[in-house]
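Student: In terms of my numbering, the sequence shown opens at residue 610 and continues consecutively. We put the beta carbon where it would ideally sit given N, CA and C, even for glycine. Take a look at the following structure, please.
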Amino acid sequence: MDEAPSAVEAGGDGKPAKARLDNSESLTSNSSERKQAVLETFGRYRDTLDAHHDQRERVIKCSRDITALSKKMIFALLRVTQDPPESVFKDVQVKHDKVLELFRKMSADLQGSDAAKYNRQATPALQEYIEAIGLWRFLEHNQLISKQQVEETLAASNIALVTDEDYLLGIGDLPGEVNRYCINAIGKNDHEAVHRCLAFMRQLKDGVSLVMSSCGSKDLRKKAEVLDSSLGKTEMAYYSMSVREREFAQKSH
């Protein structure tokens, strides 16, 4: 009678059965390890991407909140022709403190290389803020706020980077608000305020014209066009006011 094959007998491939079993288990183990390594690698990618998206969303959220509060600062400042300036500036200061607190919060996600990575998301807030404090500086001190003054204001909020482009584009929106203030001043027959607006906008136009001669920024060129339009509207409104006053004076005589 034939004997049963031993566990160590050679199979059809010439290898002992035990050796074939050990080799199969080794292959299965290696395959499992490779699969685990791949999963861990892509898991790290997933975690990195999730962290990136979370960080980006935090910057966007702060940027939107800063933009909204900066707009409220502008609306409050434009009431200066109706309400006592001291009251207006006090209200604006409260809003400004809240804006700086939001900048402090956002700055945590804008350190090191992240400042450049998320600059696109932070830029709208920075430009709107520069427009707001630029209008504030003009109304309170009849001056154009400088890039250095913007940086000094934001230093306490750990916002270290204010690019030339952000500064110029923020200031580029200022003429529209100065024009609104000027129109309100005309309604109050505030000649001094109107003269200040015209002088300021003409000086701003001269400055922007100097920059435009060596700047290829499409956005800045659009701002320059808006500046020309705002200045034209202000000059026309002032001209109409002057004509009406002369006509009224002639009728009075």
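Alpha carbon to alpha carbon, how far is Lys704 from Gln758?
Tutor: In the sequence shown, counting from the first residue as 1, residue 704 sits at position 95. In the sequence shown, counting from the first residue as 1, residue 758 sits at position 149. Using only the alpha carbons, I get a separation of about 18 Å.
Student: With 16 other CB atoms within 10 Å as the buried threshold, where does Val617 fall?
Tutor: Against the sequence shown, residue 617 aligns to sequence position 8. Bear in mind that the predicted position of Val617 carries a pLDDT of just 47, short of 50, making it unreliable; the figure below should be weighed with that in mind. Exposed is the call here.
Student: Going by Cα to Cα distance, which pick from Gln702, Leu687, Asp815 and Val668 is closest to Asn788?
Tutor: Against the sequence shown, residue 788 aligns to sequence position 179. Here the closest residue by C-alpha is Leu687.
Student: Is Ala858 helix, strand or coil when you go by DSSP?
Tutor: Within the sequence shown, the letter at position 249 stands for residue 858. Helix at Ala858.
Student: In chain order, what are the residue ranges of uninterrupted alpha helix (DSSP H) at least 4 long that sit wholly in the stretch 750-799?
Tutor: Fully enclosed alpha helix (DSSP H) runs of 4 or longer: 756-764, 773-781 and 783-796.
Student: Which whole-angstrom value describes the C-beta separation of Phe712 and Ile675, a residue pair presumed to lie in contact below a C-beta threshold of 8 Å?
Tutor: The residue you call residue 712 lines up with position 103 of the sequence shown. The residue you call residue 675 lines up with position 66 of the sequence shown. 7 Å between Cβ atoms; contact.
Student: CA-CA distance, Val803 and Ile795?
Tutor: What you label residue 803 is simply residue 194 of the sequence shown in a count that begins at 1. What you label residue 795 is simply residue 186 of the sequence shown in a count that begins at 1. Taking the straight line joining both Cα atoms gives about 7 Å.
Student: DSSP on Ala677, reduced to helix/strand/coil?
Tutor: Along the sequence shown, one-based indexing puts residue 677 at 68. It is helical.
Student: Within 10 Å of its beta-carbon, does Val647 have 16 or more other beta-carbons around it, so buried, or fewer, so exposed?
Tutor: Taking the sequence shown and counting its residues from 1, one reaches residue 647 at position 38. Result: exposed.
Student: Taking the beta carbon of Thr650 as the centre, do at least 16 other beta carbons fall within 10 Å, making it buried, or is it exposed?
Tutor: Position 41 of the sequence shown, counting from 1, holds the residue named residue 650. Under this definition Thr650 is an exposed residue.
Student: How would you label Gly841, buried or exposed, when you count the other beta carbons within 10 angstroms and need 16 or more for buried?
Tutor: Stepping through the sequence shown from its first residue, residue 841 is reached at position 232. Flag for Gly841 reads exposed.
Student: Taking the alpha carbon of Lys831 as the reference point, which residue from Phe809, Lys756, Gln812 and Gly779 has its own alpha carbon closest?
Tutor: Here the question's residue 831 lines up with position 222 in the sequence shown. Closest option to Lys831, Cα to Cα, is Gly779.
Student: Are there 16 or more other CB atoms within 10 angstroms of the CB of Ser640, so buried, or fewer, so exposed?
Tutor: For the purposes of this step, residue 640 is identified with residue 31 of the sequence shown, where counting begins at 1. By the neighbour-count rule (16 or more Cβ atoms within 10 Å), Ser640 is not buried but exposed.
Student: DSSP state of Ala717, grouped into three classes?
Tutor: Your numbering for residue 717 matches position 108 in the sequence shown. Looking at Ala717 - three-state DSSP - the assignment turns out to be coil, as it is neither helix nor strand.
Student: By a C-beta neighbour count over all protein chains shown, 10 Å radius and 16 as the cutoff for buried, is Thr772 buried or exposed?
Tutor: Here residue 772 is taken as the residue at index 163 of the sequence shown, counted from 1. So Thr772 counts as exposed.
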